[in-house]
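Report on one structure; see the data block that follows.
Protein chains in written order, with my numbering: chain H, 1 to 379; chain Z, 1001 to 1196.
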């Protein structure tokens, strides 16, 4: 009779569609604690004997653990499947890649949609979390996997914030950190766009203070508007113009009504609606809040360089010339702080027409830079 | 080791093993790579050109896309044993300020530049009456990056005026090292090792 796998065996800890429940409690920046702590994640490749080849990938706001495996709802390939895989820049023949879903999210890690100890969804009873709380939860997973020191932590956008937080919170556990299209703090403009999205969700009559899980009448209209507003910030003006211009949607003339006359309207409506199929409105509130609270210097006396004092971590930063959400100037602030701290740091502003989304698109220069960064660790 | 440009080879020869180096205007990173491989130097680079930066990063070299005119100010004092500025001085907005920055960031600085008083340059200007296009200054006046042409004697005067010490100097003619005698006329390239 075959034995049931040991709960700590590699068979259960590594692979896709992994899910663990840790007793916690996890102490949170807001003063509350979270218990239990659920983390959904996937791994690719094999952890070597001395656990020195682990690369942690941190996902963006609406992404998830499916970095290189098909999304369970949309069926689309992993969000970074072009970057992560056998022979890819992040080569799973050589590295063990780990991608956890952040807490607060809705793809299996603890969040407003998961059940609280009383058997009901947390909804808005879920504690407000920070980027650093997400990182601390990830560290619990990394501990469980038996990894003391990560070969690299890599993330774009919000994933870049997590990467910076990892490097600042656990400097001795991060050999190298790659931060793509990100920032060390959310600006007033960043917060403003997020607040617009949150208000759209809360204004939806289906939101009902976040208690919508029981009857399945979800605040889709509000969440869709939030996604539409955010989606604009992910694209460049040039990109929108090239993709849509003023072209009309399946018609020869304006209708003098409020139907989606323009292609760009139709596109945004589609983006908004399809987003509601795969994302939870309350999660959107919690994660955008965590990003708005993000200000790495704040925890270090207002001096960003102090966040990296004495660090041995090797840093690499990439920005994109058409990204106006987290523009190059924000990356340079980080680079300057790392220089002041004497940390080894690389930085390049790559050219792309895709705006902030460039880090998810086919950008050959990014492939080359990540390839060089990964190989630069000497493994 | 692949063949380095002659001025870079001289620098590589005179950098102390295991030291910390900032190569300003590091280009394709050839000097950094040689220093890291041959002398276990902790070499960092700064380069303005995006494609060259990406090339360096693709080779795993720690390079920052940055501008010597503005971004040197972000480094702390004495962060490096050497700051290197090879054939870039004449392209900067304020070469004097850049030299001051190099000596603030680095305990010593290597500075090399094409000598505008080389006899070929003088001939071209004197007899031709045109801005010289020579082996060491190969690009026409309207598209060259060189905006502050400098001669060996100009540079010596500048460092003297600023109270900067010249530790060593090297002069090149057609990629060969020549003596200091008459260097202002005979050298097409000059290189100085400076300290405060």
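We treat Cβ as the ideally placed atom computed from N, Cα and C, and that holds for glycine.
Note that this is a predicted model, so its numbers are computed, not measured.
Asked	Found
Short CB-CB distance (under 8 Å) between residue 1152 of chain Z and chain H	no
Start-to-end residues for the alpha helix (DSSP H) that takes in residue 1186 of chain Z	1183 to 1186
Test: residue 352 of chain H CB closer than 8 Å to a CB of chain Z	no
Proximal residues to residue 303 of chain H (C-beta, below 7 Å), its chain only, five neighbours per side dropped	297
Where residue 1057 of chain Z meets chain H, residues with beta-carbon distance less than 8 Å	316, 346, 348, 368, 369, 372, 373
Beta bridge counterpart(s) of residue 1197 of chain Z as assigned by DSSP	This structure cannot settle anything about residue 1197 of chain Z, because the visible part of chain Z is limited to 1001 through 1196.
Selection of the region 1053 to 1079 of chain Z by Cβ proximity to chain H, strictly under 7 Å	1053, 1054, 1057, 1058, 1059, 1060, 1062, 1063, 1064, 1065, 1074, 1075, 1076, 1079
Boundaries of the beta strand (DSSP E) in which residue 22 of chain H is found, first to last residue	18 to 22
Chain H contact for residue 1036 of chain Z (CB, 8 Å cutoff)	no
Under 8 Å between C-beta atoms of residue 39 of chain H and residue 20 of chain H	yes
Neighbour-count burial assignment, residue 238 of chain H, 16 or more Cβ in a 10 Å radius	exposed
Within chain H, the residues that residue 1050 of chain Z reaches when beta carbons sit closer than 8 Å	348, 349, 350, 351
Interface residues of chain Z facing residue 342 of chain H [CB-CB closer than 8 Å]	1076, 1079
contact_flag[the region 329 to 345 of chain H, the region 198 to 214 of chain H] where n(CB pairs < 8 Å) is 3 or more	no
Option nearest residue 141 of chain H by Cα separation, candidates H:159, H:101, H:169	H:101
Residue environment, residue 1015 of chain Z, which counts as buried when at least 16 other CB atoms sit within 10 Å	buried
Residues near residue 138 of chain H by beta carbon distance below 6 Å, same chain, minus five either side	100
Spatial neighbours of residue 378 of chain H in its chain, beta-carbon cut-off 8 Å, leaving aside the 5 residues before and after	none
Residue 37 of chain H: first and last residue of the uninterrupted beta strand (DSSP E) it sits in	37 to 44
Cα-Cα separation, residue 165 of chain H to residue 190 of chain H	18 Å
Reduced DSSP secondary structure (H/G/I, E/B, other) of residue 1099 of chain Z	helix
7 Å Cβ shell around residue 357 of chain H - same chain, five flanking residues per side excluded	234, 235
Rounded distance between the beta-carbons of residue 92 of chain H and residue 45 of chain H, thought under 8 Å	4 Å
Span of the alpha helix (DSSP H) around residue 274 of chain H	263 to 278
In DSSP terms, what residue 185 of chain H is bridged to	H:295
Sub-8 Å separation of residue 203 of chain H and residue 216 of chain H beta-carbons	no
Residue 236 of chain H (DSSP reduced to helix, strand or coil)	coil
Residue 114 of chain H and residue 279 of chain H closer than 8 Å at C-beta	no
Burial state of residue 346 of chain H (16 or more Cβ within 10 Å)	buried
Where residue 33 of chain H sits in the DSSP three-state scheme	strand
Interface residues of chain Z facing residue 339 of chain H [CB-CB closer than 8 Å]	1064, 1074, 1075, 1076, 1079
Alpha carbon of residue 1125 of chain Z to alpha carbon of residue 1117 of chain Z, nearest angstrom	10 Å
Per-residue DSSP class, three states only, for residue 1087 of chain Z	coil
For residue 1065 of chain Z, three-class secondary structure by DSSP	strand
Other residues of its chain near residue 247 of chain H: CB distance less than 6 Å, five sequence neighbours each side excluded	263
Contact between the region 1071 to 1078 of chain Z and the region 1101 to 1108 of chain Z (3+ Cβ pairs under 8 Å)	yes
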